[in-house]
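Residue numbers (the working numbering): 651 to 1574.
This is the structure we're talking about:
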């Protein structure tokens, strides 16, 4: 069975959707086909309740809804129903009542409305408004124009006033007859808008009819100068007209697309409010104004200032009755007017759905996190929608609204009301009419029905793509991507595109996705499409110009390498990261390399990230070989051409945007630049995310061996893998046991007796031996060694000792009398040394000297000499204390004897002290 054979009504018949408000053709067929949905029923009841309530003074109604919800069609049907005109023996109001007869309350309200004689004036305000009008804020002008037109008067205000004056004097018909005679058979109505050409004839006809030759001179010129169009004057003219029709008569203005006409200009909004209010007051609520708008009233004020919002609240008050139509309304209309199936077809579709429910749901359902994830509710719902899919209504509405908001349509105010959603769906259905059942309407067919509305440059861009590509799928994709370009809440991923372009549920879904991916790649190469983080975006001509400029930006691998290093070492690892050795709690600076090139040089060890971006790539064995004997940790990411391309595109785009930041851009170019800026920010985030993924899976190598890690976070993996690097390069690090602070150093020097290090044997541990040997070697070479020089030396290879750890053992050697500390050529004690060592800024001024080893026999000899000389024991226990005590005693003795010896000129016998004084000078 063919798709076209499923339907009760001919799908090729003429269906009037939302057409021009002024079009009065086929009124009866329009009324017959009009569908009163449940939603519409509620809206109509709200309107007719207020319309027939004599106490209502706010005689304005606002019909709102997005594209395709049927607001313009409803406006037109209301004009027919209220006018209740007779056509071919049938009254339009009664036809309307047939549609609602089951709703008794609504039917009663409509009947009350029809009991009052009513005339309606239906018009599209944008089409009627004079676009050359000096006062762009005037909403009165189109209202007056259509009112005068209805009365058969001129659309020019001053001529209409002239005609009204003649009518009041009962001279209008006579004037028309005389003018026709004088104007050689030309009717007044046919030439009045060109009255300047017939100036003399107008004046002659007026003089003959009125007998006033003097007044006839420059007649219409005087009228032009004296005519001032005002809301008050217009309201009086309307009142005169409705009064002439008798009591109970009503007049209804029905203005389409008012929302777009007044949008973004508070003056026009207030002008409309004043007009409706004045008409209501002047005409005692017998004149109504019904308007339509693309958005709800609240949407129009979201960007207003507080003052403008306050002013607009008065406009809202005038339009007390609000009819807000949703997409549910149009879905029901489409089903009833276009998709009604024959009984046989309905049964067939129900059975088909039950048999293939799983396949249909799997193939045609969008992801659950999508707002457009609307699928068939059951077999009956499937039969009602087929061959369409439920989400297509809301998705197409979003597409068409977003295109309108981005100035994609031709014509004034870029209105998309010229064609209805019903028309678009009918067009798509006709395109698929000859296909077998089991096929579905793909989303790209909606472009065909929309194309006529588009600006020529957009159509030509897509036409160019059709000339370039011979792959039908590529053309379908570019049409679809264009339609969805500005729909921010729908992501055109390969998976989503495969769903909305699906036609046959039996097709191989994986194969179709691959075909889409291939077609998209060809579109990207020619710059018709851009891919950002797995989302594909249509590129306009202007965007293609920008993309070409970006792609042509010259870029060498060195720039890519530097940017990649920046992303890895600064954004992922962190610019302040140091490699911490867990055992010694020591932080190590390290050089940062990428593909063997330095990014930043800092330290004895290095991390070398191998990206695989260069033409030359390395196998695991080659990397092992390259790493032998080097103080480097190799981090191998593996080849990834896509990642390299993304980074290159990020850099090119960033450079282009920096160069093209200017206030002298066209609005379109400025929009594109801003879009590219946001895209590039997202691209950078995606690149960082991808690099993190690569680092999470990267292989680490050191000295010819692959290193395994037990963690996943890139930074943690680096720190864990670096342990082998640190311990391999700083192989003497292991002899440093423990970790020491400034407080530990200070406590050691100021309370030496409490430290376990100073045990009875005064032996040196491995760390102390290394320090002492270094000092001894330097002393032998006659080189002074400061604490700063010492700590720097042991910070480097092969030690890697923390400065404070080294300082702690310098203090230990000092207390063990293995080193002396000298500042400004004077030896300092433990208290002063503690102050110096705990302030790293002062360590450069402290010079260390090794102390020669003293044997126990030498110490014993000193003790005996001391006892013999001073007649008291040398009680100090450690070498430094013995040395200091003896030296202090000898210095004191030297000073005492020297004072006596200096009196030898007075007392010659003291000359015998010369020998002892010289000896004490050596000891002091």
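We put the CB at the ideal spot given by N, CA and C, even for glycine.
Using a C-beta cut-off of 8 angstroms, the region 1154–1168 makes no contact with the region 1045–1062, since fewer than three inter-stretch Cβ pairs fall below that distance.
The three-state reading of DSSP puts residue 1436 in strand, counting E and B together. Taking each of 713, 687, 780, 679 in turn and checking the Cα distance to residue 738, the smallest one comes out for 679. In the structure shown, residue 1239 adopts coil according to DSSP, grouped into three states. A straight-line Cα-Cα distance of about 42 angstroms links residue 1191 and residue 1031. Considering only 775, 1529, 1365, 1569, the residue with the shortest C-alpha distance to residue 910 is 775.
If you compare the alpha carbons of 1231, 1564, 1121 with that of residue 1449, the shortest gap goes to 1231. Annotated as distal: residue 1387 and residue 1484, with beta-carbon spacing of 8 angstroms or more. Residue pairing for residue 938: DSSP places it in a beta bridge opposite 902. In the DSSP assignment, the residues bridged to residue 1500 are 1469. Here the region 1141–1157 makes no contact with the region 1098–1114; the two share fewer than three CB pairs at distances below 8 angstroms. Minimum Cα-Cα distance from residue 985 among the listed residues 854, 1334, 685 corresponds to 685. In this chain, the alpha helix (DSSP H) harbouring residue 790 covers 790–800.
In the three-state reduction of the DSSP assignment, residue 1390 falls in the coil class, being assigned neither a helical nor a strand state. Apart from the 5 residues on each side of it in sequence, residue 1417 sits with its Cβ closer than 7 angstroms to the Cβ of 1385, 1386, 1459 in its chain, given in chain order. Between residue 1258 and residue 1243, the gap from beta carbon to beta carbon is short of 8 angstroms. Ranked by Cα distance from residue 854, the options 843, 866, 845 are led by 866. In the three-state reduction of the DSSP assignment, residue 1348 falls in the coil class, being assigned neither a helical nor a strand state. In this structure residue 1011 does not touch residue 994 by the C-beta definition: roughly 25 angstroms separates them, more than the 8 angstroms allowed. Look at residue 1397 here: in three-state DSSP terms it is helix. Excluding residues up to 5 positions away in sequence, 825, 826, 829, 830 lie with their Cβ nearer than 8 angstroms to the Cβ of residue 838 in the same chain. Scanning the region 1290–1355 for uninterrupted beta strand (DSSP E) segments of 3 residues or longer gives 1349–1352, listed from N- to C-terminal end. Shown here, residue 983 sits in a helix according to DSSP, grouped into three states. Between the alpha carbons of residue 711 and residue 940 lies a distance of about 5 angstroms.
In the three-state scheme derived from DSSP, where H, G and I count as helix and E and B as strand, residue 855 is classed as helix.
Only residues of its own chain outside the window of five on either side were considered, and among them 928 have a CB closer than 7 angstroms to the CB of residue 882, listed in chain order. Under DSSP, residue 972 forms a beta bridge with 712. In the structure shown, residue 863 falls within a helical segment according to DSSP collapsed to helix, strand and coil. Nearest C-alpha to residue 1225 among 1200, 1201, 1251: 1251. Annotation: residue 1181 to residue 1287 spans about 23 angstroms, alpha carbon to alpha carbon.
C-alpha of residue 770 to C-alpha of residue 729: approximately 6 angstroms in a straight line. In this structure, 1003 is the residue among 749, 1019, 1048, 1003 with its C-alpha nearest to the C-alpha of residue 1027. Residue 1477 is bridged by DSSP to 1472. Residue 918 and residue 701 have their C-alpha atoms roughly 25 angstroms apart. In this structure, DSSP gives residue 1059 an extended state, which the three-state scheme calls strand. Comparing alpha carbon positions, the residue from 1157, 1158, 1198 closest to residue 1175 is 1198.
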